[in-house]
Amino acid sequence: MNYISLVLGIVYVTTLSTQQNHSSDQSSRILKEFKSYEINGFQQSNSLGQHSQSHLMNPKSDSLHAAIHELIARTQGTIGIAYINLQDPSDTLFINADEMFHAASTMKTPVLIEAYKQAAAGGLSIKDSMLVHNSFTSIADGSSFSVDVDRDSGKEMHARIGEYVPIRDILYDMTINSGNLSTNLIIDKVDAKKVTQTMRDLGASKIEVLRGVEDMKAFDAGLSNRTTARDLAIIFQHIANGTAVSQEASNDMIDILLDQQFKEMIPAKLPKSVKVAHKTGWITGVVHDSGIVILEDGRQYVLVILSKNLEENNLGTEIGADISKLIFEWFSSGQM
């Protein structure tokens, strides 16, 4: 019995055995999730960033949605999902795809794209070097702040303060180690407003990249980077298709994303032969993963899983890994 069959069996048995015993809170939560499924779940993309609602009368698709919603019901938090089949972009799955989430470190993918865009336009060279420093300006009040090395997963860059480091090395650390110092250096270089404008140009209408990382005065003022699952899916679709900047830029960005060091969600329960070019993100109560899943036979799909208001981050990570495995088994079986 494969994983999806097991989960669907659990869904069916659990529904029969506990139907009379669910609390009103549990019933309300499941009803809320299934309302989201009615609104967002059955949508098919006509083109990048455009979609129409279409109720797919497909019992197999219904079963996948039911299995995913059973997983979502394990948390009081909110889960957003966007899936796009890159061989057939009309084949999609969206659940809470337009819900706004704190972007956490998923905003580093838009920053990566902007750096390559400016390089293509001649504004900078990825091969150039820049001075590593640790003094940044808050967007809230213009005061100075720095990145705490103890809170930064990209610690090696702190050891290079005062040195000139190739921009590609800084982009690499920003992406695979989720380095916060590296992120702030690149944002200073490319300008957060330009990052957001590039997202609009690509059809991602809600992503907001306002600032770098650890600008606590901005955070306290409610000025945070935000995204939706749909928007992240759109930009990863562009990366996969070579249209984010150019095919050459996409190839290099994918090479970087494939070296991601944090693999607890989308890749966690997939076969070792499957490659995932992805970017994660997390803060308290929030865990995200977003990227391109590449099968051994060359087929690919985009998957974004976002979460917020989690009781425990580990629970959100586990749910995300289970959702990823469900979608992979569904996709690889050719049923989507």
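Each residue of the sequence shown is one higher than the one before, starting from 3 at the first, in our numbering. We put the CB at the ideal spot given by N, CA and C, even for glycine. Remember, predicted model here, so these are calculated numbers, not experimental data.
Collapsed DSSP secondary structure at arginine 202 in the structure displayed: helix
Fill in: Those runs of the alpha helix (DSSP H) which lie wholly inside the segment 70-157 and span at least 4 residues
110-122
*Select from Ser252, His135, Ser207, Asp203 the residue whose C-alpha is nearest the C-alpha of alanine 121.*
Ser252
Check your understanding: Between the segment 254-264 and the segment 129-147, do three or more beta carbon pairs fall short of 8 Å?
Key -> no
- Item | Cut-off 6 Å between Cβ atoms - residues of its own chain near arginine 170, not counting five sequence neighbours on either side | Ile128
To which residues of the same chain is isoleucine 321 closer than 8 Å at the C-beta, ignoring the five residues directly before and after it? Leu73, Ile74, Arg76, Thr77, Ile81, Ser309
In whole angstroms, what is the alpha-carbon distance linking alanine 142 and phenylalanine 221?
9 Å
- Message: In whole angstroms, give me the CA-to-CA distance for leucine 305 and serine 292.
- Response: 6 Å
*What residue does the alpha helix (DSSP H) around threonine 319 start on, and which one ends it?*
315-334
> Exposed or buried, arginine 202, counting other C-beta atoms within 10 Å across all chains shown (16 or more means buried)?
Replying inline: exposed
For my contact list, asparagine 98 and isoleucine 83 are in at a C-beta cut-off of 8 Å; report their separation, rounded to the angstrom. 7 Å
Does DSSP classify glutamate 210 as helix, strand or coil?
-> strand
task: Check whether the segment 286-300 touches the segment 205-215, counting contact only when three or more Cβ pairs, one atom from each stretch, lie closer than 8 Å.
output: no
| message | Taking 8 Å as the cut-off, is the C-beta of glutamate 266 nearer than that to any heavy atom in the ligand NAP? | response | Annotation note on the ligand NAP: not contained in the displayed structure, which lists no ligands.
Going by beta-carbon coordinates alone, are lysine 110 and methionine 176 separated by less than 9 Å?
yes
So, for leucine 173: in the same chain, excluding its five sequence neighbours on each side, which residues have a beta-carbon less than 8 Å away from its beta-carbon? Leu114, Ala117, Ile128, Ser184, Ile188, Ile258
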